[in-house]
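Input: a single structure, listed below in structure tokens.
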Amino acid sequence: MSKDLNLTIFTTNGYTALILLKKPLGSDYYLYTIDQFTGSLIFDGIPNSSIFPDYQSAKKHIQNHYKSGLKSENGEALIGIARFGPILYILYIKRSTPVAHVLNRHTIRMVTEVSFATINLPFNKNLTAKDQRRINRLKEFPLAHNHFYCDTLDLSKPIISKDRVPSFIWNEFWAEPFSFVGQRDACVDLLQGVVSSTIIKAESDNLKLTIITTREAQHGGTRYYARGLDDTGHAANEVQIEVLAESNSGKFWSYVIRRGSVPIKWQTIVAKNLPTVSINIDPGNDENTSKYFDQLFSQFSGRIVCINLLHTHAGNSELPLCDAFAQAVLKLSNAMYTEFDWHSNVKNSGISQTVEDLYKLIGPPDVSSCENSQCPVADSFEINPTPKFGNESSLPELSPSSLTNIQKDLIRINCMDSLDRTNVASFFAIARVVSFILSKFTNNPMVESYNELLNLPKELRNFLAESFIKIGDCVSMLYTNTPACMTDFFIATADIETKKASDGQIAVQRRYHNLVTDRKRQKAFWMFCGQKLDFLLPGLRCGQMEHLVSSFPSCSIPPVFFTNGDISNANCLLQFEHCSVISSSPSTLLFLLKEYCYITSIVLIATPPNPPISFKVYTALTHGPRTILINKVAIPQNLSSSTPIYIQVPPDECNGKQFLARYIYLEFDSQTPDFSLSNLYIYGVPATSKPLTNSESFSSTYQFFSNQIPTSKGFDMAETSPPDTVLRQISSNYNKFDYASILRLETSRLIHKFGRLETCSKILSYGFDPLDFNLRKYRVSVQLSTLNDDDVCSKCGQKAAWKCYKCQQLFCNDQNCTSSVLIDDGTYFDEPTNICIECKKIYDSNVQSRVDTLLNLYSTFYQLISPTEHTTNEFITDFIYNNTDSYANYNPCAFPYAFFTTADDPKVNCVLTEKGGSISAPANLLLALHAPLNIDSIEVKGSESLVLTIRQDLQCGRNEAEISGSDGTLNANSHEETSIFVKKSIDEQTPLTGQFYHVMLKNGTLTHLMMKGEMIYTKDPVPKIEKKYMKSSHHKDIKTKQIPSNFERSIMLEISSKDKINGIHFKELNGLHSIVLAFYENTNHLTKPFLTDFFFIPSGSSSFWLKFKKEIVAKAVAIQFYDVDETFTEPKACVF
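Note that this note's numbering has the sequence shown beginning at 1, numbered continuously upward.
Dropping the structure here:
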């Protein structure tokens, strides 16, 4: 890597991309891994795993892990990564040029070229032509020459401020994945605007001037689509201009002004048929004005002086904005509103008088300064590549704490859109401030008039004029797609001989772009900032990626046995380098995940020669009870090469509600004793996120209710019959489903711990259509009807006013007849409906009570099936929500990263926190650290009688050692009566290295336990399948006829002769997520099958060979396509 290139992006032939970069404030190199299935960003923070002392050691690590297909491209700085459906972009700065050097230490660079490295993500909805066009517009976003960065100084805020201002950073959306893993500083802060700098020779010193102009991102965009304030109190086209002055002797000055759209709520209304626009001012236009000013007051402690340059004479279209603005500011303290009609002043008084009046209005500038430095002046300086003093290395480093005066008051200038008038007024304001600073080195006072300004040195006037021409053009091009108007003022002031198009020509161009191209450009702004993605790319997964929770330091837990080589665990399956192994009985893999999470999806690499036919997934929080997550996921057979398959966790067990997980079990089914396994990836959302509970997020098949309705306080557990019994009664008594029977069956399956798909297979065995197992199908349809003039109340005979849609009777509005009750939860009626009070009583008894029972079962489901896991889940969830610092401040030896894996009482984990807890003897626990460590010390607190042994776990570690003494115990003695504190160092004779430890409390009480040491990276060897296992079985299709089926969304396969069936071959499979199968002995009476089964179908293989665990002799097979998405098309199928 060359000296100027601090960023390398690697792509591989495997399943990952890599980002290697060096942060500016250090020498280490950081390696970030991007999973190419979901775009998940992985960083473990472990030396020699993701942090390296130099580039060569990092590159050697990459080459050792990714031995083929490595390609790389270099850049200067990282902007971030972002996912848009099936596309993930790595956006980085290819080239930049230095434009300023400030505070004696920091270089500001203008972006001149960027690059979008593209990763195509499988398992996503295909893009429509419209989606593709909108995603392509990202590359039209005006990045080059309009954005700058400084990787050593926070320029999102004024120099005088301490607090970062994220609303001015344009790549916050792109940097979010890095923030999520605690690595926000891997991405630069991308700022929109322009920077100018020069050095002016003064009489007693040299003066470096820098003007930094930054445009706010929060409400950025184009003119007709971003005006006024948004709902968060951010103004459109908001711009901050800061002038910095630094002397060759170490002195410093800073001054800030703001400019932006009128800070009230207003919009532009574009006529549909005519190229005309109008202004709409909201009735509550000042609703968010206080929010806007609060943001300014957080940086400036004095007054905010608002100078409004709009037309103020009667009849002008700008006057209503002036009136609304004035009224809004009147309600604020410490804010002053002043009208200064720029055009009228210039027209009536001339530019000279207008500038003089403006200066009187602004008053003396409140300039931040540091004037105490007495450093010797050096005459040398350079201009190229950026203005810089020759003695900067000897000058003091400046910071807000070194200022002798801090700017308190802020000038805020506006016209309608913070464009031409605002730019000219800002120029004159900044020119006066610069003259004030220059007066410190000359005998000339600060300018107070236009003529005095013309007497400033020509090189200074030229610099200021050229700077504001660039500022005006930059802001105007970004906002209106045209250069700035009113540049004649700058040309006259600086005597510059450049002239652009006339203001009239620009105005015509501006109106065209506002009406024709602004809408498309606005979408590019929204896309780049990650705003309105649900509107722009409906149905696509964008933004935050799923989190890979199975990457290092996740690990396998013994016992796991393989027939190939000396592998003692399955850690190699969790690595990114492709591996394949042969597994034999037992066929269950157990993995400890790297954090508490809600599992969302799994990617498994199905690999020849003999992949398992299916697998089940269980989760747990301790090394004990487990709960089912996914039951029977099919794995494609007849593979010629490794094939990634993707399964999204369905809301199959409990309407989407699930436990946190720390362990995951994968239980494989196979027809052969030995089967081939390959890489495995587990994804989830962290414990700080809420689990999925909203049924509207599910596919239509799983939307049991139309809406998730509130849970009542109590319920009656009336239904205790198992699903088979319920179905038998429905079949014999009614032979069809209705509202009550569906409620009863759903309640039964929850009580008896059946999954939804498993229940559907039982439904099919009784001759019912599984797709009928949906409460929404049996709601009462409300038929809206109008009353006739002669309709009368069924109680009193007076004129009827409304109709009860339950009993169909008519009523008047007299409460003595009955009352009207609105039912609008979508449970029983498909539309909000009025029913009478008598029907409401029946409704509560027959419907609402049963619904309440069901909803309470949803909320208490896991408490019923696993009380221990429920207690642990509640404790961990409450702990993380109430102790966010413990989660944010990473410590691999502290809870919740480390935990006791075999504890029945989760509260024992409190001893692994700073607050402490209590464990009384006797106790024998297994402690899992977050990552393998070389332990160098252990802190222990407890009672005086404490006797404790800590031993490295023999199965999970490579060495065994005890803490101290010949008896292997740590004896704590102290003069204190109630507690002791011991910090024990670990020497070379008693090494503790690894992730798992036995904690044996033999006597006393333990209140605090904290190990300390250096994290270590371990890599298990990647095995190769021996030749004796390479032979695989291949299957051929059996002649099959497809005949009509009795049920919705299903097909029937008739075999030519009654034969043994090994499985089903689906061709052109797309959008299918689960199926229910029924097997028949003949095709004459296809009422009830002799066998049913079910499978979840992963994405990833369009030609899917689904294999059964045992051969089945049948004449016909019915396939019910249960859960499908919008891309589903009925596949061709046959048996084999």
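For every residue, glycine included, the Cβ atom is placed at its ideal position computed from N, Cα and C.
- Assignment of beta strand (DSSP E) within the region 1054-1095, counting only whole runs of 3 or more residues, yields 1072-1080 in chain order.
- For the pair Y292 and G221, the Cα-to-Cα distance works out to about 18 Å.
- A931 is not a Cβ neighbour of I93, given a cutoff of 9 Å.
- When the five nearest sequence neighbours on each side are left out, the beta carbons in the same chain lying within less than 6 Å of the beta carbon of L460 are those of I200, in order along the chain.
- Residue range 368-370 is occupied by the beta strand (DSSP E) that includes S368.
- Between T118 and I90, the C-beta spacing is below 9 Å.
- Residues of the same chain with their beta carbon placed closer than 7 Å to that of K67 are lacking, with the five preceding and five following residues left out of the count.
- At the C-beta level, L25 and V102 stay beyond 9 Å of one another.
- Between K1132 and E1081, the CB-CB gap reaches or exceeds 9 Å.
- For D825, the closest of S819, N834, C597, T818 by C-alpha to C-alpha distance is N834.
- Contact between L927 and F900 holds, since their C-beta atoms are separated by about 6 Å, short of 8 Å.
- Judged by DSSP in its simplified three-state form, Q353 adopts helix.
- Following the DSSP letters along the chain, one finds Y681 inside the beta strand (DSSP E) bounded by residues 680-686.
- Assignment of I730 by DSSP, reduced to helix, strand and coil, places it in the helix class.
- Residue pairing of P53 in beta bridges, as defined by DSSP: absent, with no partner found.
- N405 carries a strand assignment under DSSP once its states are collapsed to helix, strand and coil.
- Put simply, of D936, L621, P644, N631 the residue whose alpha carbon is nearest the alpha carbon of H870 is L621.
- As DSSP reads the structure, C322 sits in no beta bridge.
- For H147, the enclosing beta strand (DSSP E) has its first and last residue at 147-149.
- According to DSSP, P98 shares a beta bridge with R109.
- A straight line joining the alpha-carbon of D131 with that of L537 spans about 6 Å.
- Judged by their CB atoms, F178 and Y32 are nearer to each other than the 9 Å cut-off.
- If you draw a 10 Å sphere on the C-beta of E238, you find 16 or more other C-beta atoms in it, and that means buried.
- The three-state secondary structure of E1048, taken from DSSP, is coil.
- Taking a C-beta distance under 9 Å as the contact criterion, N334 and I304 qualify as a contact pair.
- Judged by their CB atoms, Q1120 and L764 are nearer to each other than the 9 Å cut-off.
- Look at W526 here: in three-state DSSP terms it is helix.
- In summary, C796 is exposed, with fewer than 16 beta-carbon neighbours lying within 10 Å of its beta-carbon over all protein chains present.
- A straight-line Cα-Cα distance of about 26 Å links I135 and T600.
- For M477, the enclosing alpha helix (DSSP H) starts and ends at 458-480.
- As a beta-bridge residue in DSSP terms, D1123 pairs with S1074.
- If you look at N136, you'll find it in the alpha helix (DSSP H) that goes 129-136.
- As for any beta strand (DSSP E) of minimum length 3 sitting wholly inside the region 858-895, there is none.
- Between the region 648-658 and the region 859-877, the count of C-beta pairs closer than 8 Å reaches three or more; the two stretches touch.
- The beta carbon of D54 is closer than 7 Å to those of Y29 in its chain, skipping five residues each way along the sequence.
- When DSSP reads this structure, H547 sits in a beta bridge with G684.
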